[in-house]
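*Asks:* Residue numbers (our numbering), protein chains in the order written: chain A, 20 to 424; chain B, 20 to 424.
We put the CB at the ideal spot given by N, CA and C, even for glycine.
Please find one structure pasted underneath; my questions will follow.
2 protein chains.
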Amino acid sequence: MSHINLHPVAGVYLGTTAAKIKKSGTEDFVVLQFVEEAITVATFTQNAFCAAPVTLAKQNLLAVTHQHNIRALVINSGNANAGTGKQGMDDAMQTCSLLADELGCDANQVLPFSTGVIGENLPMDKIEMAMPMAVANLAATHWKEASEGILTTDLVAKTYSKVIDIEGHTVTLTGCSKGSGMIHPNMATMLGFVATDAKITQACLQTIMTSAINQSFNRITVDGDTSTNDACTLTATQQADMPVIDSVDSAAFKQFSAAMHECMTDLAQKIIRDGEGATKFVSIEVESAHTVEEALQVANTVALSPLVKTALFASDPNWGRILAAVGRSGVESLNVDTLQIYLGDVLLVENGGRASSYTEEAGQAVMNETDITIRIVLNRGKVKETVWTTDFSYDYVKINAEYRS
Amino acid sequence: MSHINLHPVAGVYLGTTAAKIKKSGTEDFVVLQFVEEAITVATFTQNAFCAAPVTLAKQNLLAVTHQHNIRALVINSGNANAGTGKQGMDDAMQTCSLLADELGCDANQVLPFSTGVIGENLPMDKIEMAMPMAVANLAATHWKEASEGILTTDLVAKTYSKVIDIEGHTVTLTGCSKGSGMIHPNMATMLGFVATDAKITQACLQTIMTSAINQSFNRITVDGDTSTNDACTLTATQQADMPVIDSVDSAAFKQFSAAMHECMTDLAQKIIRDGEGATKFVSIEVESAHTVEEALQVANTVALSPLVKTALFASDPNWGRILAAVGRSGVESLNVDTLQIYLGDVLLVENGGRASSYTEEAGQAVMNETDITIRIVLNRGKVKETVWTTDFSYDYVKINAEYRS
């Protein structure tokens, strides 16, 4: 994944430094500064054991008013500041204060993010030292450095950047994400930071954030273990020369929303493709479901089945495991005689058993690919949902068994 | 696990033979015959893709009347007769008919069970040949042979047998189970057959079956993949010299129920201990929950977390993974500041983070054991539930990736 063409976003400045929180000594401390007019929305992990920075970021977002927008993000990698109790909250607040003092804003105009090992206190002396260096480094062109500074066990940086035309006006979208396939949720785990210069109301931005997250970061799963630190922000700096997007019914809203969905889906899928130990990129499509809930229920049951995942690792078209996972997904009055299961374009299952047209050779050919689609047609309704996942390999066990040793 | 003292149960006869369904050529075909008075109750998989024999066994149990009890079980290993559509139902019916003809009963007085590979038709020629041989082999003393004949990838046979005293009367309980840690649900998977000579009504037997299954076979989990063929039967032959147990409030009921719970728990735990690839036997205890549902929600989330399981494999006291799993279990308004998590007797987590008394040495000492208890005290109510599981090892991936090759 190259960093060619990471377009700066007007009104966003990024600074990085090596705070030496990570043992490797590589850059691990990142600051994003926004112009006054910038509007920021965010989503956070649902984990009840959420980390101190998540708790504080949620609080600070609630304090936002028209005259008091979020002005900065501060992110460290190497330490998640999770499972750290009261000390963790104090440290997160202190981090925000240090940055606010540098930038001349209030501490609650800063959102903090941490990613790394759970259960160790933040090294505040290192953060105090790093802060002025990161601020001195602030520049609109530092997206590449920022995308690298937020990484933990990721093998590659994950970025997206595009300049689009919305009704004759030029709008830029640039973002980065981290997360090594969510196989290290105690390296707590998934972060996403997206910025655009679009002129858009807070309400419209929030609507787009909710739906885009739902169709991207909320549709990837490696092992079902959601982390204590997952968070994603979306900032619109209002600097583009365009009429404000203020209605969800406008053509501009629809164009911008589609572009943001593409951006978030790309950043989410790059996390799956970088899953350590992952040898396959697997799309689970559930079609003609009755509700979104049941579509996701089936898709996630198949995506998280260790038996399906080990079969994918072995490139084994073991359709019985897919069938059994669909069968146990808990969908009410599921009629197994009227559903179909496809591997790529190959029909695996119909009439409650192996399709008569199925051959092992055809299934094997699909399984030999790196990108694999499992399609389950429920024939119950009109809803379609897709989830992306990986296989389960020796390396998954190795990485997660040896992680702390 | 030795076969010493597998006490015969009056009114139960067992016969085995090698039908050559399994490639190994070992015994793979088992018949159990019951006296006329025997009462049989059973539970089956909830998987919507249940196998043909499960569908037929459920139908035949519905046809039971006082004058028309279940008279026999017929079990084959090596082929699950699952995902086999209409042909599968025809084959299961034909199997019951063949045995009914041999024993002089009706076909719907026979319950069929199959375990093995999914998606291949039963070799009916082999079953036809095997049937008279298995019947000729019927004897009250053949529990050992029966317990071996139902195995697939299991490393050891799993049996239980005890003679107990109920208010001065001697009652025998003997049973066997199979299932290689449920890590082979496409080897479809867990079966249990328990018999007793107790004199007991159908209603009382059903009550005990439901509660005992619920606290045993329904409390073990390896990878969350429930199979298409899971089934368990409990037969009471009424041959013991005792007053009939006909009230759930009687002392005899309580004694017999406790004995049956012990029997089923033992047979269930032996499946976990025989999980191929398993190096640990792990009890997840959730205490002071508000409801059974939330206790199981927490216990199963921890038990099925691949990150917790790989840490157990590595004997790594990685408490952050347990904390994160509890946090994402989805229990409503869970207060993470007032719960405790213990590893054995060692307090890991309190006040939302690592316990101040915790030391890595103390955690490591517990993790080095083979039998490990993770105890989560929710401090919300009075319910306690326990789930048993295993770790996740290289061998789990190896066995399941290479299974068909």
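Does the distance from the C-beta atom of glycine 34(A) to that of valine 50(A) stay below 7 Å?
*Replies:* Here residue 34(A) is taken as the residue at index 15 of the first sequence, counted from 1. Here residue 50(A) is taken as the residue at index 31 of the first sequence, counted from 1. Going by C-beta atoms, glycine 34(A) is nearer than 7 Å to valine 50(A).
*Asks:* Which first and last residues belong to the beta strand (DSSP E) in which aspartate 285(B) is found?
*Replies:* As a first step, residue 285(B) is located in the second sequence; it is residue number 266 there, counting from the start. Careful: aspartate 285(B) lies outside any beta strand (DSSP E), inside the alpha helix (DSSP H) at 270-292.
*Asks:* Anyone know if the C-beta pair for threonine 284(A) and serine 235(A) falls short of 7 Å?
*Replies:* On the first sequence, position 265 is the one that residue 284(A) refers to. On the first sequence, position 216 is the one that residue 235(A) refers to. Contact: yes.
*Asks:* Would phenylalanine 132(A) pass as an interface residue toward chain B - the criterion being a Cβ-Cβ separation below 7 Å?
*Replies:* Position 113 of the first sequence, counting from 1, holds the residue named residue 132(A). Taking Cβ atoms only, chain B never reaches closer than 7 Å to phenylalanine 132(A), which makes this a no.
*Asks:* Could I get the ranges of all uninterrupted beta strand (DSSP E) runs contained in the segment 180-257 of chain A, with 3 residues as the minimum, in chain order?
*Replies:* Listed in chain order, the complete beta strand (DSSP E) runs (minimum 3 residues) inside the segment 180-257 of chain A are 188-197, 210-215, 250-255.
*Asks:* Going by C-alpha to C-alpha distance, which of Glu404(A), Asp110(A), Gly211(A) sits closest to asparagine 319(A)?
*Replies:* For this step, residue 319(A) is matched to residue 300 along the first sequence. Selected option, being the one with the closest Cα: Glu404(A).
*Asks:* Do aspartate 173(B) and aspartate 293(B) have their C-beta atoms within less than 7 Å of each other?
*Replies:* Sequence index remark: in the second sequence, residue 173(B) carries index 154 (1-based). Sequence index remark: in the second sequence, residue 293(B) carries index 274 (1-based). A contact, by the Cβ cut-off of 7 Å.
*Asks:* Could you spell out where the beta strand (DSSP E) holding glutamate 306(B) opens and where it closes?
*Replies:* Numbered from 1 along the second sequence, position 287 holds the residue referred to as residue 306(B). That run of the beta strand (DSSP E) goes 300-308.
*Asks:* Using a Cβ-Cβ cut-off of less than 8 Å, give me the residues of the segment 360-375 of chain B that come near chain A, in sequence order.
*Replies:* Within the segment 360-375 of chain B, the residues whose Cβ lies closer than 8 Å to some Cβ of chain A are Val368, Asn370, Gly371, Gly372, Arg373, listed in chain order.
*Asks:* Does DSSP put glycine 34(B) in a helix, a strand or coil?
*Replies:* Residue numbering aside, residue 34(B) sits at position 15 when the second sequence is read from its first letter. In this structure, glycine 34(B) counts as strand in the three-state DSSP scheme.
*Asks:* Could you check if histidine 161(B) is buried or exposed, using at least 16 other CB atoms within 10 Å of its CB as the buried criterion?
*Replies:* The residue you call residue 161(B) lines up with position 142 of the second sequence. Buried, since its Cβ has 16 or more Cβ neighbours within 10 Å.
*Asks:* Looking at C-alpha atoms only, which residue of Ala250(B), Ala222(B), Gln225(B), Ile219(B) is the closest neighbour of cysteine 195(B)?
*Replies:* Here the question's residue 195(B) lines up with position 176 in the second sequence. Taking only the C-alpha atoms, the option nearest cysteine 195(B) is Ala250(B).
*Asks:* Look up proline 151(A) in the DSSP assignment and say whether it is helix, strand or coil.
*Replies:* The residue given as residue 151(A) occupies position 132 in the first sequence. Three-state result, proline 151(A): helix.
*Asks:* Please work out which residues of its chain come closer than 8 Å, Cβ to Cβ, to threonine 229(A), disregarding the five sequence neighbours upstream and downstream, and give them in chain order.
*Replies:* Numbered from its first residue, the first sequence carries residue 229(A) at position 210. Answer for threonine 229(A): Thr62, listed in chain order.
*Asks:* Pop quiz: lysine 197(B) and threonine 226(B) are said to be a contact at Cβ under 8 Å. What is the actual Cβ separation, rounded to whole angstroms?
*Replies:* Reading the second sequence from its first residue, position 178 is the one you call residue 197(B). Reading the second sequence from its first residue, position 207 is the one you call residue 226(B). With 8 Å as the limit, lysine 197(B) and threonine 226(B) do not qualify as a contact, their Cβ atoms being about 26 Å apart.
*Asks:* Any beta-carbon of chain B closer than 7 Å to the one on methionine 201(A)?
*Replies:* On the first sequence, position 182 is the one that residue 201(A) refers to. Residue placement at methionine 201(A) cannot be trusted, given a pLDDT of 48 that sits under 50; the coordinates are not used to answer.
*Asks:* Please state the DSSP three-state secondary structure of serine 348(B).
*Replies:* As a position in the second sequence, residue 348(B) is number 329, starting the count at 1. Coil, per DSSP.
*Asks:* Determine the burial state of valine 65(A): buried for a count of at least 16 other Cβ atoms within 10 Å of its Cβ, exposed for fewer.
*Replies:* To locate residue 65(A), count along the first sequence from 1; it is residue 46. The question names valine, but residue 65(A) is glutamine in the sequence shown. Exposed, because fewer than 16 other Cβ atoms sit within 10 Å of the Cβ of glutamine 65(A).
*Asks:* For methionine 108(B), collect the residues of the same chain with a Cβ closer than 8 Å to its Cβ; drop the 5 residues on either side in sequence, then sort them by chain order.
*Replies:* Here residue 108(B) refers to the residue found at position 89 when the second sequence is read from its first residue. Same-chain partners within the cutoff: Ala71, Thr74, Leu75.
*Asks:* Which residue's Cα is closest to the Cα of arginine 373(A): Ala384(A), Phe48(A), Val355(A)?
*Replies:* Within the first sequence, the letter at position 354 stands for residue 373(A). Considering only alpha carbons, the answer is Val355(A).
*Asks:* Scan the segment 124-151 of chain B for residues whose Cβ lies nearer than 8 Å to a Cβ of chain A and list them as they occur along the chain.
*Replies:* The segment 124-151 of chain B vs chain A, Cβ under 8 Å: Val136, Ile137, Gly138.
*Asks:* Pull up the distance between the alpha-carbon of leucine 130(B) and that of leucine 326(A), whole angstroms please.
*Replies:* The count along the second sequence starts at 1 and reaches residue 130(B) at position 111. The count along the first sequence starts at 1 and reaches residue 326(A) at position 307. If you take the alpha carbons of leucine 130(B) and leucine 326(A), they lie about 29 Å apart.
*Asks:* Which stretch, first to last residue, makes up the alpha helix (DSSP H) that contains serine 116(B)?
*Replies:* Taking the first residue of the second sequence as 1, we reach residue 116(B) at position 97. 104-122 is the span of the alpha helix (DSSP H), which, as asked, contains serine 116(B).
*Asks:* If we ignore side chains and look at the alpha-carbon of each, how far apart do lysine 42(B) and glycine 97(B) end up?
*Replies:* The sequence position of residue 42(B) within the second sequence is 23, counting from 1. The sequence position of residue 97(B) within the second sequence is 78, counting from 1. So the alpha carbons of these two residues sit roughly 8 Å apart.
*Asks:* Cβ closer than 7 Å: which chain A residues qualify as neighbours of valine 104(B)?
*Replies:* Sequence index remark: in the second sequence, residue 104(B) carries index 85 (1-based). First, the amino acid is wrong: residue 104(B) is glycine here, not valine. Under the 7 Å cutoff, chain A gives Asn370, Gly371, Gly372.
*Asks:* Grab me the residues of glutamate 139(B)'s own chain with a C-beta within less than 7 Å of its C-beta, minus the 5 sequence neighbours each way, in chain order.
*Replies:* Residue mapping note: residue 139(B) aligns to position 120 of the second sequence, counting from 1. Answer for glutamate 139(B): Asn98, listed in chain order.
*Asks:* Looking only at its own chain, which residues have a Cβ that is under 6 Å from the Cβ of glutamine 128(B), when we skip the five neighbours before and after it?
*Replies:* Your numbering for residue 128(B) matches position 109 in the second sequence. The residues are Ile89, Arg90.
*Asks:* Can you give me, in chain order, the residues of the segment 311-334 of chain A that have a beta carbon less than 8 Å from any beta carbon in chain B?
*Replies:* Within the segment 311-334 of chain A, the qualifying residues are Leu323, Ser324, Pro325, Leu326, Thr329, Ala330, Phe332, Ala333.
*Asks:* Just to check my reading of the structure: glutamate 46(B) and glutamate 167(B) have Cβ atoms closer than 8 Å, yes? What is that Cβ distance to the nearest angstrom?
*Replies:* On the second sequence, residue 46(B) is found 27 positions in, with the first residue counted as 1. On the second sequence, residue 167(B) is found 148 positions in, with the first residue counted as 1. Right, their Cβ atoms sit about 6 Å apart.
*Asks:* Considering only the alpha carbon of each residue, which of Ser324(A), Val31(A), Val365(A) lies closest to glutamate 380(A)?
*Replies:* As a working note, residue 380(A) is residue 361 in the first sequence. Among Ser324(A), Val31(A), Val365(A), the Cα nearest to that of glutamate 380(A) belongs to Val365(A).
*Asks:* So, with DSSP's three-state summary, where would you put valine 402(A)?
*Replies:* As a working mapping, residue 402(A) is identified with position 383 in the first sequence. Residue state, collapsed to three classes: strand.
*Asks:* Could you tell me whether the Cβ of alanine 343(A) comes closer than 7 Å to any Cβ of chain B?
*Replies:* One-based indexing of the first sequence puts residue 343(A) at position 324. Yes, alanine 343(A) lies at the interface with chain B (some Cβ there is under 7 Å from its Cβ).
*Asks:* Taking its Cβ as the centre, do 16 or more other Cβ atoms sit within 10 Å of glycine 339(B), making it buried, or is it exposed?
*Replies:* In the second sequence, the residue the question calls residue 339(B) occupies position 320. That one is buried.
*Asks:* With a Cβ-Cβ cutoff of 7 Å, do valine 60(A) and leucine 224(A) count as a contact?
*Replies:* As a position in the first sequence, residue 60(A) is number 41, starting the count at 1. As a position in the first sequence, residue 224(A) is number 205, starting the count at 1. Going by C-beta atoms, valine 60(A) is nearer than 7 Å to leucine 224(A).
*Asks:* Whose C-alpha, out of Val402(B), Gln316(B), Asn387(B), Cys282(B), is nearest the C-alpha of threonine 178(B)?
*Replies:* Indexing the second sequence from 1 puts residue 178(B) at position 159. Considering only alpha carbons, the answer is Cys282(B).
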